[in-house]
Every structure is written in structure tokens, then in C-alpha cells.
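**Student:** Here's a structure for you.
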Amino acid sequence: MNQRAQQEILIAEKLEQLSIPDMVDAIWSRIENQLDIDLPTDEGPGGPDAPSQPGKGAWVKPGIFLFVTAFFITIYFIINKKDKSSNSLPAETEKPLLISPDQPEKGPPGIYDKLNQKYLQTDQNGQLIPFTDSGAADLSVTPENINSDSIPQPVPDNNPVILMPPADLLIPDTAKKKSRGVKGVNPGDYKVVPSKKDSAG
Amino acid sequence: MIAEANDTTALIKGCLANQRWAQEQLYRQFYRYAMAVALRYARDEMDAADIMSHAFVKIFKSIHSYDPEKGTLQAWIRRIVINEGLDHIKSRERFSQHVEIESVPEPEINSTILEQMGADEIMALIHKLPPATHAVFVLYAVEGYTHREIGKKLGISEGTSKWHLSEARKQLQQQIRNIFPS
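Top to bottom, those sequences are chains A and B. With our numbering, the residue at position 175 of the first sequence is 342, and numbering never jumps. With our numbering, the residue at position 132 of the second sequence is 247, and numbering never jumps.
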């Protein structure tokens, strides 16, 4: 303890009687706001009863946020990977070369060979053979003697009906064959023409 | 529950558990005492409110360091409020080294005049002192610290603390003479 003068002891006693301003609620409001930042409770701002250790609750919310974010990112990548793998398949393999028409009543029964552009059917042994209609002529057989008079002449039809094959049987243009040779060079360009002799020579 | 809340020990336990109701109760219980301390270091009421809010946030953040065996809770709160008040004064003025003196002359203030003055009037005179001189005078004359303790708190030498006390006495005498010329 120091050796205070009599006047200073008197001043200290006087200061004990200082009038205290009524700012109790205003100051508490500021303290509470600061505590909500520095020492948040589990009940949130101004929570009445929050039996928790300081700092423990501060890790709960960020932890949940990180977990949820990581979960959604993982799901996103899995879905994205699946989409990429399905999109990377070649377009040609989407449809089989041998297809079965959906509407058999419009086309001949059997299987259509896209590659050879003809219908196939199975024989008794289960082997695939070219389609032949029992009522139709066998086009693969070449007739030797055919009388031209016996061939029925086609009667012109004023109102021809054009039957379109089933939509599935239509082959897209993308399957066009590539043109052979160099573009712009005709077979005539390969013809060898002897050069004329120089008469003057 | 209410009876428990009024108990200081229960309030300390509640504060240790970061319970708002306990912190608010503790603050309200010591408001008048702490505000009286804060006002000695503040320029005005708003300044005192700043000291109070900062001090109590520190109190609740470091309540685990309070040891009942070393002293009462009131003394611990008082020390924190004083330190916050000094930090407040330091932010206004740097505590530079001044002329060092060995002894401080006794004040020549008329005690009768002081007795006639009110607390607010005396506080107004103290507020007119330069911040560092103000701090040393309050720490020595009101709080009862020695020059050695004041030197440690403010980071100055004992001689500088004595110089500030001497300056405070001189300036207070001059102000009182100006108010009471006779």
C-alpha cells in the first residue's frame, strides 16, 4: 500500500459516491452481441440454456457443412462419370445389324440384315437364310427359257400407292459409301494418248 | 433455480458452461461496482460503456482462469476492468518516459474545499488531466497501487510514475484555485 496524502484519501472516498449511469441493458446488449461472435452457444444467438463447452459448438456447423458439400460433390462426379461412359459408346453399336421389325404386318416376317440389305429367315435347322416367300418367284433362280409372251405385262396404275417400309427399316444416309478415287479425277484422265510426232523434227 | 442463480458459485459454474443467463446475471450483479471503476478511467459515460463491454467479454472468455483461492471474484473483476481502462487510456496517449524524480511533494489542496465538492465535480477535474497523468493519479490516489506496481502496469519507471503524480497534484491544485480563488 502506498502513502497517500489526506486529500487523496478524501478524493478516493468522494469518487466512491459517483453517480452510476443507467446503461445496464445497453451495455449488456453489446456484450451479448460480442459473445455471440466469440463464444456462440448451441442454442444460437441469445440462447437461454446452452450447456456446452466453449469452442465445441463452433466446430459442429462447419463440420456438417463440409460433410454435406463433400457428399453432393461425390454424387455429382458419379452421375457425371456415368453420363460420360454412356455417351462415349459409338452410334453404330446402338442398333444391332440384325433387327426385327416392330410392325410385321407392313413388312415381310423375319429379320432384316442391314449390312446386306435383305430379309432373313430361319430354316428348319435354325440357320439364317435369305427370305423367300412361298407365293413369290425365287429371284435367285435364273430362268433359261422364258417366253416373252408368257410374261405378264405390267398394267400402268394411274394412282400408284407407294408403300414406305417401317420407320425402323429405313437406313440413315450416314451409312453412305465413300466415293472412290481422288475427287475431281475421272477415269478418262488415265487414258494414255501417244503424243504427236514433231513433223518438223 | 432462481436461488441458485443468485449464488455467485452457481453463476461462475454457469459462465464456465457458456450459459447466457448466468453471464447476464453475473454482469448485472457486478454492474454498479464495475461501472464505478470504469468511470475513473473514462472521459465520459460512453467511454465507460466501451470499457465495460470489453472488460466483461474478457471476463467471460477467461472465467476458467479465475481461482477463488487467490482472491474474491469482485477483486478479479476489478483488476480486469482497471486493465481495460488503462488500455483505453494507452490508446489515446503513448506512455512515454518523462523526467524522473525521486520524491513527490505533498499536495497543498485545502481539504475543506474538497469536502464541499461533489464526486462528479472532482471527477471532472481529474478528467482534465493529461491521459497518462490521469491514469497514474487514479492508480495511486484512488486504487492504492504503489509506484512500482504502476510502473509495471504502464510500462514506465517508478521515477516517471512519481513525476506523473507530482504533475497531477500541481494541476489539480491549480484547477481548484481557479474555481475557489480565495
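All C-beta atoms, glycine included, are put in the ideal place defined by N, C-alpha and C. Fair warning: this is a prediction, and the values are worked out from it, not measured in the lab.
#1: Between the alpha carbons of P246 of chain B and A193 of chain A, how many angstroms are there, rounded?
#2: Between the stretch 155-171 of chain B and chain A, which residues of the former have CB atoms less than 8 Å from a CB of the latter, in chain order?
#3: Check whether the Cβ of S300 of chain B lies closer than 8 Å to any Cβ atom in chain A.
#4: If you draw a straight line from the alpha carbon of L113 of chain B to that of G129 of chain B, how long is it in whole angstroms?
#5: List the residues of chain A that Y181 of chain B touches, going by C-beta distances under 7 Å, in chain order.
#6: Comparing C-alpha positions only, which one of B:E160, B:G200, B:A170, B:A163 sits nearest to L141 of chain B?
#7: Applying the 10 Å Cβ sphere with the 16-neighbour rule, what's the burial state of P229 of chain A?
#8: With DSSP as the reference, label I245 of chain A as helix, strand or coil.
#9: Look at A234 of chain B and K181 of chain A and say whether their C-beta atoms are less than 8 Å apart.
#10: Roughly how many whole angstroms lie between the Cα atoms of I265 of chain B and F232 of chain A?
#11: Does DSSP put K358 of chain A in a helix, in a strand, or in coil?
#12: Does the stretch 189-207 of chain B come close enough to the stretch 148-157 of chain B to have 3 or more Cβ pairs within less than 8 Å?
#13: Mind checking which residues open and close the beta strand (DSSP E) that includes P297 of chain A?
#14: Rounded to whole angstroms, what's the CA-CA distance from L201 of chain B to F145 of chain B? Just pull it up for me.
#15: Helix, strand or coil for Q290 of chain B, going by three-state DSSP, please let me know.
#16: Under the rule that 16 or more other beta-carbon atoms within 10 Å means buried, what is K277 of chain B, buried or exposed?
#17: What is the DSSP secondary structure of K285 of chain A, reduced to helix, strand or coil?
#18: Would the stretch 188-203 of chain A and the stretch 165-179 of chain B be scored as touching if the rule is three or more Cβ pairs under 8 Å?
#19: Is the CB of L229 of chain B under 8 Å away from at least one CB in chain A?
#20: Return the CA-CA distance between R284 of chain B and E258 of chain B, expressed in angstroms with no decimal places.
#21: Give the DSSP-derived three-state secondary structure of D205 of chain A in the structure shown.
#22: Does any CB atom of chain A fall closer than 8 Å to the CB of D202 of chain B?
**Tutor:** To lay it out plainly:
#1: As a first step, residue 246 of chain B is located in the second sequence; it is residue number 131 there, counting from the start. As a first step, residue 193 of chain A is located in the first sequence; it is residue number 26 there, counting from the start. Each residue's Cα considered, the two are about 26 Å apart.
#2: Within the stretch 155-171 of chain B, R155, E160, A163, A164, M167, S168, F171 place their CB atoms closer than 8 Å to a CB of chain A, listed in sequence order.
#3: Outside the shown range of chain B, which is 116 to 297, sits residue 300 of chain B, and nothing can be said about it.
#4: Nothing in the structure corresponds to residue 113 of chain B, since chain B is present only between 116 and 297.
#5: Taking the first residue of the second sequence as 1, we reach residue 181 of chain B at position 66. Those within 7 Å of Y181 of chain B in chain A number zero; the least Cβ separation is about 14 Å.
#6: What you label residue 141 of chain B is simply residue 26 of the second sequence in a count that begins at 1. Taking only the C-alpha atoms, the option nearest L141 of chain B is B:A170.
#7: As a working mapping, residue 229 of chain A is identified with position 62 in the first sequence. Exposed is the call here.
#8: Within the first sequence, the letter at position 78 stands for residue 245 of chain A. Of the three classes helix, strand and coil, the one that applies to I245 of chain A here is helix, per DSSP.
#9: For the purposes of this step, residue 234 of chain B is identified with residue 119 of the second sequence, where counting begins at 1. For the purposes of this step, residue 181 of chain A is identified with residue 14 of the first sequence, where counting begins at 1. The Cβ atoms of A234 of chain B and K181 of chain A lie closer than 8 Å to each other.
#10: Translated into the one-based positions of the second sequence, residue 265 of chain B becomes position 150. Translated into the one-based positions of the first sequence, residue 232 of chain A becomes position 65. Cα-Cα distance, rounded: 50 Å.
#11: Looking up residue 358 of chain A in the first sequence gives position 191. If DSSP states are grouped into helix, strand and coil, K358 of chain A belongs with coil.
#12: Cβ pair count under 8 Å is three or more, so yes.
#13: On the first sequence, residue 297 of chain A is found 130 positions in, with the first residue counted as 1. Per DSSP, P297 of chain A belongs to the beta strand (DSSP E) from 295-297.
#14: Position 86 of the second sequence, counted from the first residue, corresponds to residue 201 of chain B. Position 30 of the second sequence, counted from the first residue, corresponds to residue 145 of chain B. For L201 of chain B and F145 of chain B, the distance between alpha carbons rounds to 20 Å.
#15: Locating residue 290 of chain B in the second sequence gives position 175, where the first residue counts as 1. Reduced to three states, the DSSP call for Q290 of chain B is helix.
#16: For this step, residue 277 of chain B is matched to residue 162 along the second sequence. Within a 10 Å sphere around the beta-carbon of K277 of chain B sit 16 or more other beta-carbons, which makes this residue buried.
#17: In the first sequence, the residue the question calls residue 285 of chain A occupies position 118. Residue state, collapsed to three classes: strand.
#18: Judged by pairs of C-beta atoms under 8 Å, the stretch 188-203 of chain A touches the stretch 165-179 of chain B, as three or more such pairs exist.
#19: Taking the second sequence and counting its residues from 1, the one referred to as residue 229 of chain B is at position 114. Proximity of L229 of chain B to chain A, defined by a Cβ-Cβ separation below 8 Å, is satisfied.
#20: On the second sequence, residue 284 of chain B is found 169 positions in, with the first residue counted as 1. On the second sequence, residue 258 of chain B is found 143 positions in, with the first residue counted as 1. Near 16 Å, if we compare the C-alpha coordinates of E258 of chain B and R284 of chain B.
#21: For the purposes of this step, residue 205 of chain A is identified with residue 38 of the first sequence, where counting begins at 1. Under the three-state reduction of DSSP output, D205 of chain A falls in the helix class.
#22: Within the second sequence, the letter at position 87 stands for residue 202 of chain B. No, D202 of chain B does not count as interfacial toward chain A.
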